[in-house]
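Read the structure below first, then the notes.
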Amino acid sequence: LAYSGHLRQAIQKSERAADLARQSARRQRAALYQTGAAVWQGLFGNAPEAARSAGELLKVSRERDVEYGAALAFALSGASSQAQTLADDLEKRFPEDTSVRFSYLPVVRALLALKHDEPSRAIELLRNAAANELGAPFSSYYGFFGALYPVYVRGEAYLAAHQGREAAAEFQKILDHRSIVVSDPIGALAHLQLGRALQMSGDTARARTSYADFLALWHDADPDIPVLQQAKAEYAGRQAGPR
């Protein structure tokens with residue numbers, strides 16, 4: 046549901062899954078199900094909801110993957126100080142953890158660098174994730190978020206640095222590895238981001254195709270999602286522009 050832009054239904058299903066987990070005395074699992082929903086809010090541009098959800102999660106659990114998801118939601122929503130505090134805590138508590146060292150921390154810190162208009166620093170921070178980025182971090186098993194996030198954020202960093210070709214290569218990598226991404230919504234958002242990268246690099250024909258692919262995937266998505274509204278406006282501008 047989240048992959049196809051049905052955010053309200055996706056959140057309802059996550060809450061139902063969390064309720065079932067709590068009935069089975071699996072409080073950590075319940076929190077992790079809801080963590081994915083907070084991340085989706087951030088990815089889709091619902092900053093206030095992402096930050097609010099992250100704050101609520103931390104009242105329930107400080108488990109590693111919940112804390113990572115909350116840090117992501119905060120970073121995506123622009124709540125940099127909260128995200129930085131959680132990243133520092135993860136580093137302190139899990140100094141030798143593979144997922145933390147080579148996925149979680151590089152992604153959160155790169156997002157924070159982007160929020161401070163430092164794309165080059167973001168790219169550098171993600172170098173530490175490169176060797177393991179095609180693996181599935183633990184958060185992707187039960188939280189359904191986190192797979193290929195180093196690739197996605199690196200693509201965003203290249204976009205911010207106005208390096209369209211490099212950005213396109215990162216987003217294409219996501220599209221080429223659907224079996225890793227599975228139903229994480231970055232798999233759909235990668236079409237949109239690829240369109241932006243191709244437009245930046247001057248390949249307007251392929252850019253229009255990528256935009257159209259994204260809008261086809263989200264043809265009946267919730268209409269009030271900010272990233273969808275922005276994508277429609279950008280696509281309309283491309284269609285009206287020179288061919």
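Convert by adding 45 to the 1-based position in the sequence shown; the result is the number in my numbering. We treat Cβ as the ideally placed atom computed from N, Cα and C, and that holds for glycine.
Would you kindly work out how many angstroms separate the C-alpha atoms of Ala-281 and Glu-141, rounded to a whole number?
Distance between the alpha carbons of Ala-281 and Glu-141: 48 Å.
The alpha helix (DSSP H) with Arg-166 in it runs from where to where?
164 to 170 is the extent of the alpha helix (DSSP H) around Arg-166.
Please classify Arg-227: does DSSP put it in a helix, a strand, or coil?
Checking the sequence shown, residue 227 turns out to be Val, not Arg. Note: Val-227 maps to coil in three-state DSSP.
By how many angstroms is the C-alpha of Arg-109 removed from the C-alpha of Lys-137?
Near 11 Å, if we compare the C-alpha coordinates of Arg-109 and Lys-137.
CA-CA distance, Ile-219 and Gly-209?
In a straight line, the C-alpha of Ile-219 is about 16 Å away from that of Gly-209.
Ends of the alpha helix (DSSP H) at Val-153?
150 to 160 is the span of the alpha helix (DSSP H), which, as asked, contains Val-153.
Going by CA-CA distance only, name the one from Pro-268, Ala-206, Ala-235 and Ala-175 that's closest to Ser-255.
When each option's Cα is compared against that of Ser-255, the closest is Ala-235.
Do you know how far the Cα of Thr-143 is from the Cα of Tyr-197?
Each residue's Cα considered, the two are about 19 Å apart.
Does Glu-215 come out as helix, strand or coil in the three-state DSSP assignment?
Residue state, collapsed to three classes: helix.
If you reduce the DSSP assignment to three classes, tell me which class Gly-232 lands in.
Correct three-state label for Gly-232: helix.
Would you grab the beta carbon distance between Gly-87 and Ser-122 for me? Rounded to a whole angstrom, and I think it's under 8 Å.
That belief holds up - the Cβ atoms of Gly-87 and Ser-122 are roughly 5 Å apart, short of 8 Å.
Runs of 4 residues minimum, wholly inside the segment 66 to 139: which ones carry the alpha helix (DSSP H) assignment?
Whole alpha helix (DSSP H) segments, 4+ residues: 72 to 88, 92 to 105, 109 to 122 and 125 to 138.
Please report how far the alpha carbon of Ala-55 lies from the alpha carbon of Pro-164, in whole angstroms.
Going by the C-alpha atoms only, they are around 31 Å apart.
Do you know how far the Cα of Asp-64 is from the Cα of Ala-212?
Rounded to whole angstroms, Ala-212 to Asp-64 spans 39 Å at the Cα level.
I believe Leu-102 touches Ala-76 by the beta-carbon criterion, under 8 Å. Please report the beta-carbon distance rounded to the nearest angstrom.
With 8 Å as the limit, Leu-102 and Ala-76 qualify as a contact, their Cβ atoms being about 6 Å apart.
For Gly-200, does the three-state DSSP call read helix, strand or coil?
In the structure shown, Gly-200 sits in a helix (DSSP, three-state: H, G or I).
By how many angstroms is the C-alpha of Ser-106 removed from the C-alpha of Glu-112?
Distance between the alpha carbons of Glu-112 and Ser-106: 8 Å.
For Thr-130, does the count of other Cβ atoms within 10 angstroms reach 16, so buried, or fall short, so exposed?
Flag for Thr-130 reads exposed.
What is the DSSP secondary structure of Leu-179, reduced to helix, strand or coil?
Coil.
Tell me where the alpha helix (DSSP H) around Asp-258 begins and ends.
Run containing Asp-258: 249 to 262, per the alpha helix (DSSP H) assignment.
Would you say Tyr-280 faces chain D, with C-beta separation under 8 Å as the test?
Absent from the structure: chain D. Only one protein chain is present.
For Gly-50, name the three-state secondary structure that DSSP assigns.
In the structure shown, Gly-50 sits in coil (DSSP, three-state: anything other than H, G, I, E or B).
For the alpha helix (DSSP H) containing Ser-185, name the first residue and the last one.
Note, Ser-185: alpha helix (DSSP H), 184 to 187.
Spatial neighbours of Leu-46 within its chain, please: C-beta separation below 8 Å, excluding the five flanking residues on both sides.
Closer than 8 Å at the Cβ level, and outside the excluded window around Leu-46, lie Leu-52, Gln-54, Ala-55 and Lys-58.
Whose C-alpha, out of Tyr-149, Gly-114, Asn-173 and Arg-251, is nearest the C-alpha of Gln-73?
Comparing Cα-Cα distances from Gln-73 to each of Tyr-149, Gly-114, Asn-173 and Arg-251, the minimum goes to Gly-114.
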